[in-house]
Each structure stands twice: as structure tokens, then as C-alpha cells.
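As C-alpha cells, the structure follows; a few thoughts come after it.
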Amino acid sequence: MKNLLSLRTVNVMRYITPLREGGSLPALADADDDFKYVLKFKGAGHGIKALIAELIGGEIARILELPIPELVFANLDESFGRTEADEEIQDLLQGSQGMNLALHYLSGAINFDPVVTDVDADLASKIVWLDSYITNVDRTFRNTNMLIWHKELWLIDHGACLYFHHSFTNWENHAKSPFALIKDHVLLAKAAKLNEIDILFRSVLTEEKIRLIVDLIPQDWLDWEDADETPEHIREIYFQFLSTRLANSEIFIKEAQNARKTLI
1 MKNLLSLRTV NVMRYITPLR EGGSLPALAD ADDDFKYVLK FKGAGHGIKA
51 LIAELIGGEI ARILELPIPE LVFANLDESF GRTEADEEIQ DLLQGSQGMN
101 LALHYLSGAI NFDPVVTDVD ADLASKIVWL DSYITNVDRT FRNTNMLIWH
151 KELWLIDHGA CLYFHHSFTN WENHAKSPFA LIKDHVLLAK AAKLNEIDIL
201 FRSVLTEEKI RLIVDLIPQD WLDWEDADET PEHIREIYFQ FLSTRLANSE
251 IFIKEAQNAR KTLI
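Its first residue numbered 1, the sequence shown is counted upward by one per residue in full-length UniProt numbering.
Below is the structure:
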């Protein structure tokens, strides 16, 4: 079956500047479609699994019609970065030849501040549901990973979700886990409609759509040196994890609701 979901592929033309320090070392870059992108490198400290998490988390958000910048595959030519003066950046670029991932750059966007911007219960519940489902540890008051652009809220940075894949053992147990870290979510207090959103999202996010999202993962991203599983088996485990977790959503919904009660 042909995958009805697809990502465009762009070629990176110019490395402009790193966006922040840290293990992921994302950068602002120009591509050959004349747009700027936030480029995530497979050669960065968090490795290829962070790109897989970014891809799966971002495309699930898109299927659920949550606001997220366009994701694209970003190709780095083998000659790219040879003239870069910074040795650390040169090593990063040389170690990321081939297919990477990038998000459309929202020029002029500012970081979301929960004190300044109010989020209604419907949107807050949708975002809390998403992050509970994909086990996203990184949407807290300290690091909201949301932007305000043209007076609208946008979700970014899902590379820290699906943390089960860093050990890739007992995925069945992880799939049925309640996700206790939802207690730190920046929008949890506003998420008053989790039951309604759970019904809606379970109807939207079918197994067929989950399969299409997982099938977007490039084959070479699944060729893990430290894994005994084949790329096909790894892909299937992602599908089974997401399907099992969706089928048991009441577990993480109850956890979020109980955590919310302590805040209100």
C-alpha cells in the first residue's frame, strides 16, 4: 500500500547559526526551496533516535490537527561543512551526511509564556493528551517547547518523546505505563477536557494512520549498531507500542487527571 502521508525532501544549502547549546545542537539553515529551517542532525549527541521521536511525535500532532511547523527530510551532501571554521560544528555536519530532519522556521516567533498567554481548556487538553500518549518529558514550565507565532500557539521539539526506545526493552510495559511525569506539564492545570479529547483522538488516530506514520521512518534510520533487531522488527515495535498505548489510553488519562487534581 502506498503511504498517503509524505514529507518533502530538501537539500541544505547553508548552515547559518546554531540555535542553542546542548546535546542536540540544532541549527538555522537555508534549503534549496528558499525557505529557512530548524535543522536537527542525526550526528548530534542524542543521535538518530531523537530524529525518529521528532518525526513520529510531530506527525501524530499533525494528524490530530495540532499546530506544528512543517517537517521535512533535509539532505546534507557529503561535501557540506568542509569549509566550516568551527571544528565542533564541522564534525557535526560531517557526521550527519545524508538524511536529517528539519522544521520550517517560524520567523519572528517568541517562546510561549503561560503567564502572558492563556490557553483554553480544549487546546490544553489536546496537548496534554498528545504528550501523555507519546511520553513527551519536555513540555514543562522550565522548557515549554511551544512558540507564539502570528498570535497562535505552535508546538515544537518532540525529540524527547518515546523515551522507551533508548533501552528498547519491555516495550509492552512502557506502552501501558501511566506516564507519571505528566505532573510537570505546563498546561496540565488547564486540561479540563481530557475525557472528551480522548474519545475524539481515539477516533481520529486509527491503526492505519499509525502505520503510515511509522512507515515514514527512513530505512537507514533503523539500522542501529547496538540493536539485535532488524530494521523491519524495530519499525514493527514502534507500531505495536503506539497501537497498544492508544488502546490503553485510559491508563495515561487517569494519571493526568489525578495529577491535575493536585493543582486545582
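Beta carbons are placed, not taken as given, at the ideal position from N, Cα and C, and that holds for glycine.
Which whole-angstrom value describes the C-beta separation of residue i and residue j, a residue pair presumed to lie in contact below a C-beta threshold of 8 Å?
{"i": "residue 198", "j": "residue 127", "result": "In fact, because the Cβ distance is near 13 Å, the residues do not count as touching under 8 Å."}
{"i": "residue 243", "j": "residue 210", "result": "6 Å"}
{"i": "residue 68", "j": "residue 154", "result": "6 Å"}
Drop a sphere of 10 angstroms on the beta-carbon of residue i, count the other beta-carbons inside from all chains shown, and report buried for 16 or more, exposed for fewer.
{"i": "residue 116", "result": "exposed"}
{"i": "residue 12", "result": "buried"}
{"i": "residue 166", "result": "exposed"}
{"i": "residue 46", "result": "buried"}
{"i": "residue 16", "result": "exposed"}
{"i": "residue 118", "result": "exposed"}
{"i": "residue 95", "result": "exposed"}
{"i": "residue 48", "result": "buried"}
{"i": "residue 54", "result": "buried"}
{"i": "residue 2", "result": "Residue confidence for residue 2 is low, a pLDDT of 41 falling below 50, so the modelled location carries little weight; the figure read from the coordinates is stated next. Classification of residue 2: exposed, given that the 10 Å Cβ count is below 16."}
{"i": "residue 141", "result": "exposed"}
{"i": "residue 10", "result": "buried"}
{"i": "residue 132", "result": "buried"}
To the nearest angstrom, how far is the alpha carbon of residue i from that of residue j?
{"i": "residue 62", "j": "residue 157", "result": "13 Å"}
{"i": "residue 173", "j": "residue 246", "result": "13 Å"}
{"i": "residue 74", "j": "residue 262", "result": "43 Å"}
{"i": "residue 43", "j": "residue 235", "result": "21 Å"}
{"i": "residue 18", "j": "residue 76", "result": "16 Å"}
{"i": "residue 143", "j": "residue 160", "result": "12 Å"}
{"i": "residue 60", "j": "residue 89", "result": "31 Å"}
{"i": "residue 203", "j": "residue 238", "result": "20 Å"}
Where does residue i fall in DSSP's three states?
{"i": "residue 104", "result": "strand"}
{"i": "residue 14", "result": "strand"}
{"i": "residue 76", "result": "strand"}
{"i": "residue 39", "result": "strand"}
{"i": "residue 257", "result": "helix"}
{"i": "residue 221", "result": "helix"}
{"i": "residue 185", "result": "strand"}
{"i": "residue 170", "result": "coil"}
{"i": "residue 195", "result": "helix"}
{"i": "residue 152", "result": "strand"}
{"i": "residue 140", "result": "strand"}
{"i": "residue 7", "result": "coil"}
{"i": "residue 110", "result": "strand"}
Query raised in the report: Are there three or more Cβ pairs, one per stretch, closer than 8 Å when the stretch 119–139 is compared with the stretch 185–202?
Result: Enough Cβ pairs lie closer than 8 Å, so yes.
Query raised in the report: Okay, do the stretch 92–111 and the stretch 34–41 touch, 3+ Cβ pairs below 8 Å being the bar?
Result: With the rule of 3 Cβ pairs closer than 8 Å, the stretch 92–111 counts as touching the stretch 34–41.
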